[in-house]
Amino acid sequence: MKTRTTRFALRQLCASTAMVTCLLSGSVLAQEFSFNLPAQPMASAITALAQQSQLQILFDESQLRDLQAPALLGSFSARDALEKLLGNSGLELIETDGSYVVRRQAKASTESSNTIVLGSTTVMGNRITSQSVGKSVLTQEDINRQQADNIASLLDVLPGVSSSGSPRPGGQTLNIWGMGDVEDVKVILDGAPKGFEKYRQGSVFIEPELIKHVEVDKGPHSMMYGNGGFGGVIKVDTKDPVDLLRDGKNVGAFLKYGYHSNDHQEVYSGAVYGQTEGRMLDALLFLNGREGDNIKRPDGTRFEYSSNSLDAFLFKSNLRLNDEHVITLSAMQSGSNAWEPFAAKRDEMAAPTAAEIAKYGLDGAWKRKLVYRDQDDENYSLKWNYAPLDNPLINMTASYAYSKTDQHDKRPANASTGFASSLGNESWVDYTDRLAELNNESRFTTGLFDHVVMIGAQWHGHERDTLMLDLSKTKDKTYNYGLLQPYYMPSGEQETRSGYIQDAITIGSVTITPALRYDQVYSRGEPNLASRFNNPNPAVGHDFGSVTYSGWSPRLGIFWTATDNLAFFADYSKTWRAPLIDEIYEVQSSLSSVPATSRSLDPERIRGVRLGSIANFNGMLRDGDNLQVRTTLFRNRGKDEIFKRTGISCEEQISTGAGNSVCAQPLSNNRNLPGYTIEGLEVESFYDSTRLFGSLSVSYIRGQRDASPRNPWGEKTWIAEIPPRKAVATLGVKVPEVDMAFGWTGNFVRKQDRSPADDDPLASGWSLPESQGYALHGLFATWQPSQIQGFEARLAVDNLFNREYYPYLGEAVSGVGRNIKVSVSQFF
């Protein structure tokens, strides 16, 4: 006990200067020990090795952040054990006068690596654990290389992930494994949930320049997030001060300028950041702005009124009260305003007629077809982590996050009236999320079993505030004289209380991870201001009363490290989601055949299975190279899908051929369909060597409903939102002699000709236009001259051959023409 206390006291003392000292004698390093360490964070693994071997090891904990060590089983010398833990982590073991230090690779090597290593190759190699399977990652290098205009196009290169919508600013949504609704794809930004659900608009607005890391966990397998997210969870982390500080510096600054040829877009970024001498406090202020003209299609025409104008800022700070307490504050805001078509998800706009131009002038005639959109997006989070150095049972995190997205649209005074289906002449839409969470991770051993137990509780409050002004109804009392909530976008609130527990149990080379989550969801609608959509007559069914759903979500994962180079995994999850505010409280007038709210909906349920393998090969073509191949098979079986009631409203209509009058009244707007099946295959491969690097991913997804979307008693039909097969390739060359890397990218997409109308010709309204296959080629280059410290220049070319294409999930909206993107940046 005395030795252990002394060792931890030494670690605490040295950690105050960000170091832990280690003196390793040659005899101790040569002695063999029997290790049985589970996969865990690198810092924890090195500490455990030091404890077992009675060694003291020098390392900077900030350099080990986010690194994961593989499981270690068998008898090894201390040196061999350390080298196995470090693997391809980018860390090295250095001997100086009988002392050994774990640190980042030497500066020259690191700068070269930053220039020429494919980011996801390295990260994937470090994160082969039971917690990382099924995930795709974009690192800072991947993000910098793309120079993307929006987060959807940034993620579109990942297998199983597709961007949908249009290239217009704010017109993108995300689809994971064939599921593209907002409730099916959870987006978490610095711990805060993001999501926006407005007719014909995009769903997520995050400036790529502020992002340092993106992790996509596909399928319904994340224990940390319940009530939805059937497609997956996208975790986005913004930049930290330590990400920008140059080695050996405590203060710094950063300037960047970018130019995109397609829309003549200019991107400006700048930051100041620093840390105190003992790293007790650090802070970052990052500013970004974009200004672009209309986006050009491959045929040379432009998307009218698609200019990009956005400002964003990020403030981030970490306060380390001591080596055991860390408080992190993150604040991000972005905003834009411009004349735009109401539907951001659209292609061509009909030009004004000669008569309209003569009457209103060219500018006025165009703006009568537009809205002036003022959009703001806010995101704040506060997190406290407490991790005692000598108590592995406590690693506690408490966090609170706030997120808000609001859009204010206003049509010009000379615009027509009668825009009830597109939020009237003026509208206000606000989405607000608050998330509070407390969790703790404990590590302990019981007999032959090593445990990592995560237990936590969450509270999530979600509010939707909607209002529109319809000038065609200013004299109609039943429409509240034109000021009302859109009946298809009701206001309301949803409160979710959750608890979860997960135990990663490791014995030998096998980790079994059972998990259980409980969610209780309380929903309340806000009665419409217009009596037409708030009729108290029970026969109409305008009931905005509260509804509560609750249920359990069990999960089980198995991870087996078969050999040093091969691992297998399998996951089974069963979960559910409560109906959204829109799904419960959408109404129509009493004159409609389906006027009622949908308070009797069953929750939507899913069973997900995911299995696959991860293979690592070193020295495939030459010494020092690495190849990783990840294969994933998945199958999601959904039940009680929540869908709009259209077509055949009840089974009695099939036999009688009568109208809705034979159905039980009142009919709700939404109902549950029988079910669906989505299954597919992904293969991801990454290669890295001294001179060459590259990646190749292939994804295939297939999905069918048990019935037609318009007839729950009909034949099976294809699901319209299933993306076509896709392959994405990258091949690059490193030229360290001139501090450069360059390469080629290819995006190969098959045609999509499956439609719900194939089996139900009357279901064409639920189908997307068929698309032709296409291949897009691109180039990239990076230059970080050693003669100019901190300087970086990048080039990226999208759609090199200016290929005309129409992405399937874009619903016949054209893709973007050739775009040459350049940027220069300087760190000070």
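Number 766 in the working numbering belongs to position 573 of the sequence shown; there are no gaps in the numbering. C-beta atoms are modelled at their ideal positions from N, C-alpha and C, and glycine is treated no differently. Owing to the predicted nature of the structure, the values given are computational and were not obtained by experimental measurement.
- Message: Give me the residue from Leu266, Ala243, Ile250 with the minimum Cα distance to Phe228.
- Response: On the sequence shown, residue 228 is found 35 positions in, with the first residue counted as 1. In terms of CA proximity to Phe228, Leu266 leads the group Leu266, Ala243, Ile250.
- Task: Give the secondary structure of Gln339 by DSSP, where H, G and I count as helix, E and B as strand, and everything else as coil.
- Result: To locate residue 339, count along the sequence shown from 1; it is residue 146. Taken through DSSP and simplified to helix, strand or coil, Gln339 comes out as helix.
- Query: In this structure, does DSSP put Leu749 in helix, strand or coil?
  - Reply: The residue labelled residue 749 in the question sits at position 556 within the sequence shown. Strand.
- Which residue spans inside the stretch 600-676 form an unbroken beta strand (DSSP E) run of at least 3? Within the stretch 600-676, the complete beta strand (DSSP E) runs of at least 3 residues are 619-639, 642-662.
- Message: Can you give me the C-alpha to C-alpha distance between Ser684 and Asp736, rounded to a whole angstrom?
- Response: Mapped onto the sequence shown, residue 684 falls at position 491. Mapped onto the sequence shown, residue 736 falls at position 543. Approximately 13 Å between the Cα atoms of the pair.
- Query: Considering Val435, what are the terminal residues of the alpha helix (DSSP H) in which it resides?
  - Reply: Indexing the sequence shown from 1 puts residue 435 at position 242. 434-437 is the extent of the alpha helix (DSSP H) around Val435.
- Task: Starting from Lys387, trace the beta strand (DSSP E) both ways and give me its first and last residue.
- Result: As a position in the sequence shown, residue 387 is number 194, starting the count at 1. Here the beta strand (DSSP E) through Lys387 covers 385-387.
- Message: Helix, strand or coil, according to DSSP, for Tyr1035 in the structure here?
- Response: Past the boundaries of the shown model lies residue 1035; the chain is included only from 194 to 1021, so the question cannot be answered.
- Query: When we look at the beta-carbon of Arg472 and count the other beta-carbons within 10 Å, is it buried (16 or more) or exposed?
  - Reply: Working through the sequence shown from its first residue, we reach residue 472 at position 279. It counts as buried.
- Please state whether DSSP places Lys944 in a helix, a strand or coil. Within the sequence shown, residue 944 is the residue found at index 751, counting from 1. Lys944 sits in coil when the DSSP states are folded into three classes, being neither helix nor strand.
- Task: Leaving aside the five residues before and after Asn530 along the sequence, list all residues of the same chain whose C-beta is less than 8 Å from its C-beta, in chain order.
- Result: For the purposes of this step, residue 530 is taken as the residue at position 337 of the sequence shown. When the five nearest sequence neighbours on each side are left out, the beta carbons in the same chain lying within less than 8 Å of the beta carbon of Asn530 are those of Ser502, Tyr565, Arg566, Asp567, Gln568, in order along the chain.
- Message: Give me the residue from Thr625, Trp621, Ala629 with the minimum Cα distance to Tyr593.
- Response: Here the question's residue 593 lines up with position 400 in the sequence shown. Looking at Thr625, Trp621, Ala629, the one whose alpha-carbon comes closest to that of Tyr593 is Ala629.
- Task: Following the continuous beta strand (DSSP E) through Trp577, name the residue where it begins and the one where it ends.
- Result: Counting from one through the sequence shown, the residue named residue 577 turns up at place 384. 563-579 is the extent of the beta strand (DSSP E) around Trp577.
- Query: Assuming Val409 contacts Ile427 under a Cβ cut-off of 8 Å, what Cβ separation, rounded to an integer in Å, is found between them?
  - Reply: Position 216 of the sequence shown holds residue 409. Position 234 of the sequence shown holds residue 427. About 5 Å; that satisfies the 8 Å criterion.
- Could you give the residue range of the alpha helix (DSSP H) that holds Tyr711? For the purposes of this step, residue 711 is taken as residue 518 along the sequence shown, with counting starting at 1. It is not in any alpha helix (DSSP H) - Tyr711 instead sits in the beta strand (DSSP E) that spans 703-718.
- Message: Output needed for Asn865: all residues of its chain with C-beta closer than 7 Å, excluding positions within five of it in sequence on either side, in chain order.
- Response: What you label residue 865 is simply residue 672 of the sequence shown in a count that begins at 1. Excluding residues up to 5 positions away in sequence, Leu794, Asp795, Asp833, Glu834, Ile835 lie with their Cβ nearer than 7 Å to the Cβ of Asn865 in the same chain.
- Assuming Asn862 and Ala920 form a contact by the criterion Cβ under 8 Å, report the distance between their Cβ atoms to the nearest whole angstrom. Here residue 862 is taken as the residue at index 669 of the sequence shown, counted from 1. Here residue 920 is taken as the residue at index 727 of the sequence shown, counted from 1. Their Cβ separation, rounded to whole angstroms, is 40 Å, which puts Asn862 and Ala920 out of contact at 8 Å.
- Message: Suppose you measure from the CA of Leu278 to the CA of Thr366; what does that come to, to the nearest Å?
- Response: In the sequence shown, the residue the question calls residue 278 occupies position 85. In the sequence shown, the residue the question calls residue 366 occupies position 173. About 39 Å.
- Residue range of the beta strand (DSSP E) that includes Trp532: Locating residue 532 in the sequence shown gives position 339, counting from the first residue. Start and end: 518-534.
- Query: How long is the line joining the alpha carbons of Gly1010 and Tyr681, rounded to whole angstroms?
  - Reply: Indexing the sequence shown from 1 puts residue 1010 at position 817. Indexing the sequence shown from 1 puts residue 681 at position 488. Their Cα atoms are separated by approximately 35 Å.
- Return yes when the Cβ of Pro859 is within less than 7 Å of the Cβ of Val780, no when it is not. By one-based count along the sequence shown, residue 780 stands at place 587. By one-based count along the sequence shown, residue 859 stands at place 666. No, these two residues do not count as a Cβ contact at 7 Å.
- In whole angstroms, what separates the C-alpha of Asn455 from that of Asn1012? One-based indexing of the sequence shown puts residue 455 at position 262. One-based indexing of the sequence shown puts residue 1012 at position 819. Those two C-alpha atoms are separated by around 5 Å.
- Message: Can you look up Val1009 in the DSSP assignment and give me helix, strand or coil?
- Response: Indexing the sequence shown from 1 puts residue 1009 at position 816. Val1009: coil per DSSP, three-state reduction.
- Message: Going by C-alpha to C-alpha distance, which of Ala755, Arg798, Tyr573, Arg838 sits closest to Gly805?
- Response: If you number the sequence shown from 1, residue 805 lands on position 612. In this structure, Ala755 is the residue among Ala755, Arg798, Tyr573, Arg838 with its C-alpha nearest to the C-alpha of Gly805.
- Item | For Thr431, the nearest candidate out of Arg770, Tyr998, Gln526 (CA to CA) | As a working note, residue 431 is residue 238 in the sequence shown. Proximity to Thr431 across Arg770, Tyr998, Gln526 peaks at Gln526, based on C-alpha coordinates.
- Query: With 16 other CB atoms within 10 Å as the buried threshold, where does Ser268 fall?
  - Reply: Numbered from 1 along the sequence shown, position 75 holds the residue referred to as residue 268. Using a 10 angstroms sphere on the CB of Ser268, the tally of other CB atoms stays under 16, which defines it as exposed.
- Query: Closest to Asn185 by CA distance: which of Ser635, Arg636, Glu549 is it?
  - Reply: Shown here, the chain extends from 194 to 1021; a query on residue 185 therefore has no answer.
- Query: Which of the three DSSP states, helix, strand or coil, is assigned to Met682?
  - Reply: Translated into positions along the sequence shown, residue 682 becomes position 489. Coil at Met682, not helix or strand.
- Message: Can you list, in chain order, the residues of its chain with a C-beta nearer than 6 Å to that of Glu619? Leave out the 5 residues immediately preceding and following it.
- Response: Taking the first residue of the sequence shown as position 1, residue 619 is located at position 426. Only residues of its own chain outside the window of five on either side were considered, and among them Lys603, Leu662 have a CB closer than 6 Å to the CB of Glu619, listed in chain order.
- Are Leu230 and Ala241 closer than 7 Å when you measure CB to CB? Against the sequence shown, residue 230 aligns to sequence position 37. Against the sequence shown, residue 241 aligns to sequence position 48. Yes. Within cutoff.
- Message: Tell me the DSSP secondary structure of Leu1002 in three-state form.
- Response: Position 809 of the sequence shown, counting from 1, holds the residue named residue 1002. Per DSSP, reduced to three states, the secondary structure at Leu1002 is helical.
- Message: Any contact between the stretch 978-995 and the stretch 505-515? By contact I mean 3 or more CB pairs, one from each, below 8 Å.
- Response: With the rule of 3 Cβ pairs closer than 8 Å, the stretch 978-995 does not count as touching the stretch 505-515.
- Query: Between the beta-carbon of Gly654 and the beta-carbon of Arg636, is there less than 7 Å?
  - Reply: Against the sequence shown, residue 654 aligns to sequence position 461. Against the sequence shown, residue 636 aligns to sequence position 443. No.
- Item | Other residues of its chain near Arg800: CB distance less than 6 Å, five sequence neighbours each side excluded | Locating residue 800 in the sequence shown gives position 607, where the first residue counts as 1. Cβ neighbours of Arg800 beyond the five flanking positions: Lys767, Arg830.
- Helix, strand or coil at Tyr450 according to DSSP, with G and I counted as helix: Position 257 of the sequence shown, counted from the start, is the residue given in the question as residue 450. DSSP places Tyr450 in strand when its eight states are reduced to three.
- What do you get for Ile1027, buried or exposed, if any count of 16 or more other CB atoms within 10 angstroms of its CB means buried? In the structure as shown, the chain begins at 194 and stops at 1021. Residue 1027 is therefore absent and cannot be evaluated.
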